[in-house]
Amino acid sequence: MGGVEISRRGVLAAAAVAPVAAMARAAPARLSVGDRLARFDLLKPGVHSYLRSAEKDGAHVARDIWRREVRFETVDGAQKLRIVQRWDGTGAKPSLVTRDSLFEPGTWRPSSHLRVTTVEDKKTVEGFLFAPDRISGLPGVADNSRADFNVAFPEPMFNFETDMEMLGTLPLAHGYQVSIPFYHPAGGPPARYLWTVTGDAQLAGPDGRPIDCWIVECDYNSGKDPSRFWYAKRTQQFIKLEAKAPDGSLFRKTLLF
685 MGGVEISRRG VLAAAAVAPV AAMARAAPAR LSVGDRLARF DLLKPGVHSY LRSAEKDGAH
745 VARDIWRREV RFETVDGAQK LRIVQRWDGT GAKPSLVTRD SLFEPGTWRP SSHLRVTTVE
805 DKKTVEGFLF APDRISGLPG VADNSRADFN VAFPEPMFNF ETDMEMLGTL PLAHGYQVSI
865 PFYHPAGGPP ARYLWTVTGD AQLAGPDGRP IDCWIVECDY NSGKDPSRFW YAKRTQQFIK
925 LEAKAPDGSL FRKTLLF
């Protein structure tokens, strides 16, 4: 599935791939909150839907349909990037999850994050406010179960719940590596994670036509098998993810339309 291959057919071939090899050995780029994202202009408003599924022992089972929408809006007089997500669960118990996140355009600096989970008749509301040195409960949110939430940051953090879109605004290329500070609201501790472009491949798109993709990997500091992302080279639109789950199944997110 891709990877950087160095031809051994002669000096000319070796010279042609030398810049790629040098890039692969270079120190990772270090992204910080507030930096201008190199390909932010590729991010376009619109809606995409994904199938989340798991495959094990020959069975491929759908979990839910994941709808993600990118908007550019004026909020309290300021221009904002807004990402709205919706999961419609397919399990035995009816479920719905929505997420509403605000950011500074161009930098992805997070402002707020609202998560609402409904399982059968139980509704849980979680609102978070991002600041440079911490994340806390978002004021003014009715029934906010995270009203007293407070976690200090060692440095400003990006919102991990929108990594799919954010990665598509980076300068993806052969050998590109980048260290990114991420925090999943009410998840594990804030940390930096290393993302690496490990190769390229062609995938069939939703309409069956081939899409030339970058392959991006991250092991989330686990030291185990990395999760693998595919991004279209031309648009840097997220196409697919594959990751091994603890039970041995293969977890997937796949673009539907």
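This note's numbering puts the first residue of the sequence shown at 685, with every later residue one more than the last.
Backbone N, C-alpha and C define an ideal beta-carbon position, used for all residues, glycine too.
Remember, it's a predicted structure, so these values are computed and weren't measured experimentally.
A straight line joining the alpha-carbon of residue 861 with that of residue 851 spans about 11 Å. For residue 722, the CB contacts under 8 Å within the same chain, skipping 5 residues up- and downstream, are 853, 854, 855 in chain order.
Beta-carbon to beta-carbon, residue 720 and residue 790 are separated by about 6 Å, close enough to satisfy the 8 Å threshold. Counting every other CB atom within 10 Å of its CB across the protein chains shown gives residue 793 a total of 16 or more, marking it as buried. By DSSP's assignment, residue 900 forms a beta bridge with 881, 913. With contact defined as three or more Cβ pairs closer than 8 Å, the stretch 750-759 and the stretch 865-883 are not in contact.
Non-local beta-carbon contacts of residue 933 in its own chain, meaning distances under 8 Å to residues more than five positions away in sequence, involve 738, 739, 740 in chain order.
The beta carbon of residue 772 lies closer than 7 Å to those of 748, 749, 780 in the same chain, with the five residues before and after it left out. Listed in chain order, the non-local C-beta contacts of residue 888 below 8 Å within the same chain comprise 894, 895, local neighbours out to five positions each way being set aside. Between the stretch 862-869 and the stretch 829-844, the count of C-beta pairs closer than 8 Å reaches three or more; the two stretches touch. Sequence-distant partners of residue 787 (beyond 5 residues in either direction) whose C-beta falls short of 7 Å from its own C-beta, in its chain, are 764, 765, 793, 794, 795. The DSSP-derived three-state label of residue 741 is coil.
When DSSP reads this structure, residue 773 sits in a beta bridge with 748. Annotation: the continuous alpha helix (DSSP H) that includes residue 847 extends over 847-851. Taken in chain order, the complete beta strand (DSSP E) segments of 3 residues or longer contained in the stretch 821-868 are 834-836, 861-867. Exclusion of the five residues before and after residue 713 leaves 860, 861, 862, 863 as the residues of its chain whose Cβ lies within less than 8 Å of its Cβ. Of the residues 910, 778, 918, the one whose Cα lies closest to the Cα of residue 929 is 910. Exposure of residue 857 is indicated by the presence of fewer than 16 other C-beta atoms within 10 angstroms of its C-beta. Residue 782 has its alpha-carbon roughly 6 Å from the corresponding atom of residue 799.
DSSP places residue 927 inside the beta strand (DSSP E), whose first and last residues are 922-928. Across the structure, residue 802 and residue 830 are spaced so that their CA atoms are roughly 16 Å apart. Looking at 819, 827, 727, 879, the one whose alpha-carbon comes closest to that of residue 711 is 879. At the C-beta level, residue 837 and residue 820 stay beyond 8 Å of one another.
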